[in-house]
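See below for the structure under consideration.
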Amino acid sequence: MAIMTKTDKTAPEGVSRRTALIGAAATMAAVKAAFPAGAHAAGPGPETAKARLGFIALTDSSPLIIAKERGFFAKHGLPDVEVVKQASWAATRDNLMLGSGGGGVDGAHILSPMPLQFTLGVQTGGKPLPMYVLARLNTNGQAISVGNDLKAVKVGLNAAGAKAKFAQLRASGNIAKVAMTFRGGTHDLWVRYWLAAAGINPDVDVSTIVIPPPQMVANLKAGTQDAFCVGEPWNGQTVNQRIGYTATTTSEIWMNHPEKALGMRADWVDRYPRAAQALTAAVLEAQMWCDKPANKAAMCSIVSGRQYINVPMGDILPRQQGVIDYGDGRKVTGSPHVMKFWADNASFPFKSHDLWFVTENIRWGVIGQGVNKQALVNKVNRADIWRAAAKSIGQSGPAGDSRGPERFFDGKVFDPANPGAYLASQPIKKLA
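First residue of the sequence shown? That's 14 in our numbering, and the numbers climb one at a time after it.
Structure below.
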């Protein structure tokens, strides 16, 4: 259970971290009493009662944290699931390679391209680590933050104002540093798309560097980077500390874009197929809980705790409620650019989205052009497990595994029926 902390003064009236955690404890006790054997449905239960899941200190890890804290794992026969904080995405990778038997983890809150990369042996030292994507954890909820000096050139969704400034820095031998969280991961792809759409080559005109999410704000404050792309709450915290501002949310680049996933080692899923379905069902129930407006304050109270994200409520709650202070004079309430956990099929792992991730990883030389894209997606994406889990809790998903053509802010269209045409339409790329 989460560590008790003092009441957060930024929480809404009547809502405190202590209240939320006491409620979570009560829920767990009730679940254990109601489900002493742990099984949720009739018939054989999970083959194991435990799993170790990693998470990074980001708001989109909430479904795993809530599944643990609110008793959904226990309800589905998995009372011994551990949710373990990771220091970086590289640490997540390393612990996945170890597996729980080696002191690592069985699965994780993970950047959606990572299971695809690892299955190929990319980013794992050439040794394939077969993985499955069991669910998408969220859509939207990331942003690109920049230093306050870029206000003068009006850098926003259109990054063209930064082009001349970055060129000046490069000419002076002080190339601009743009941070993301993992090579070929979602944040890398969002910031590269944004730069390239403005005619800025992310491999030539700037230096893209890897920084763990919780370190982004401190690095911008120290002046060691000029811009970064990361998930919440770090963009909101940047504004609250007046260190920089939000140039754009990533959903302004691509509305309802896929983001994190529930990724599991394939050998764990293959060994414990019923447990994998139960684990997925628990996460789906947590996603539904997280997406209810009435639960947002309680969710943020829990996940902002010391053992999880460890930030003040004021850094995390507003953007979850559609209140965005960009930090450059723009303030929006009721924004459509909110993180979604369940609404609009946010949880369903569309194969068309994984195909886009593979295509973009090819675009930037992370994955070689010779890979069979669709075969890789079909191997990693386990939409079938998602559908079985959803059915077990009385839910259903979309009719098909493709969401169809996707349109980006610059007018580009990704048609999953012809990913090659999309790749060819991009003037800036670095093919391997």
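Glycine residues also receive a C-beta, built at the ideal position from the N, C-alpha and C atoms.
What you are looking at is a predicted structure, and each value in this text was computed from that prediction instead of being measured.
| Asked | Found |
| --- | --- |
| N-terminal and C-terminal residue of the alpha helix (DSSP H) that Ile157 is part of | Note, Ile157: premise wrong, no alpha helix (DSSP H); beta strand (DSSP E) at Gln155 to Gly160. |
| Start-to-end residues for the alpha helix (DSSP H) that takes in Gly197 | Premise fails: Gly197 is in no alpha helix (DSSP H) and is neither H nor E. |
| Length of the line joining the Cα atoms of Gly347 and Thr72 | 19 Å |
| At least 3 beta-carbon pairs within less than 8 Å: the region 192–206 vs the region 293–304 | no |
| Identified DSSP bridge partners for Glu95 | Arg65 |
| Which listed residue (Phe421, Val379, Gly424 and His366) has its alpha carbon closest to that of Ala396 | His366 |
| Short Cβ contact (7 Å threshold) for Trp247 with Pro271 | no |
| Beta-carbon spacing of Gly102, Phe195 below 7 Å | In the sequence on display, residue 102 carries Trp and not Gly. A contact, by the Cβ cut-off of 7 Å. |
| With 16 other Cβ atoms within 10 Å as the buried cut-off, status of Ala289 | buried |
| The region 247–264 in contact with the region 168–175 per 3-pair CB rule at 8 Å | yes |
| Anticipated Cβ contact below 8 Å, Val316 with Ser75, distance rounded | 5 Å |
| Beta strand (DSSP E) segments (min. 3 residues) lying fully within the region 189–248 | 190–193, 220–223 and 240–244 |
| Three-state class that DSSP yields for Ala100 in the structure shown | coil |
| Touch test, the region 377–386 against the region 277–288, Cβ-Cβ under 8 Å, three pairs minimum | no |
| Separation of Leu163 from Gln238, as counted between CA atoms | 13 Å |
| Spatial neighbours of Leu436 in its chain, beta-carbon cut-off 8 Å, leaving aside the 5 residues before and after | Thr372, Ile375, Arg376 and Lys442 |
| Gly249 versus Tyr285: straight-line alpha-carbon distance, rounded | 39 Å |
| Beta-carbon proximity of Phe363 to Arg420, cut-off 7 Å | no |
| Ala46 burial status per 10 Å Cβ neighbour count (16 or more: buried) | At Ala46 the pLDDT is 40, less than 50, meaning the model places this residue with poor confidence; the figure from the coordinates comes in the next sentence. Result: exposed. |
| Whole-angstrom distance between Leu150 and Gln300, CA atom to CA atom | 7 Å |
| CB contact flag (Gly410, Phe361, <7 Å) | yes |
| Straight-line Cα distance separating Glu245 from Gln333 | 9 Å |
| Coil, strand or helix - Lys273 by DSSP | strand |
| Between the CA atoms of His122 and Thr137 - distance to the nearest angstrom | 18 Å |
| Which residues DSSP lists as bridging Ala80, in chain order | Partner(s): none; Ala80 has no beta bridge. |
| Gly426 - partner residues in DSSP beta bridges | Looking at the sequence itself, residue 426 is Val, so the reference to Gly does not match. According to DSSP, which records beta bridges pairwise, Val426 is partnered with Arg420. |
| Beta-carbon proximity list for Ala189, same chain, < 6 Å, skipping 5 on both sides | Phe179, Leu182, Val219 and Asp239 |
| Spatial distance of Ala211 from Lys176 (CA atoms) | 8 Å |
| Beta-carbon gap between Pro432 and Leu330 smaller than 7 Å | no |
| Ser438 classed as buried or exposed, judged by whether at least 16 other C-beta atoms fall within 10 angstroms | exposed |
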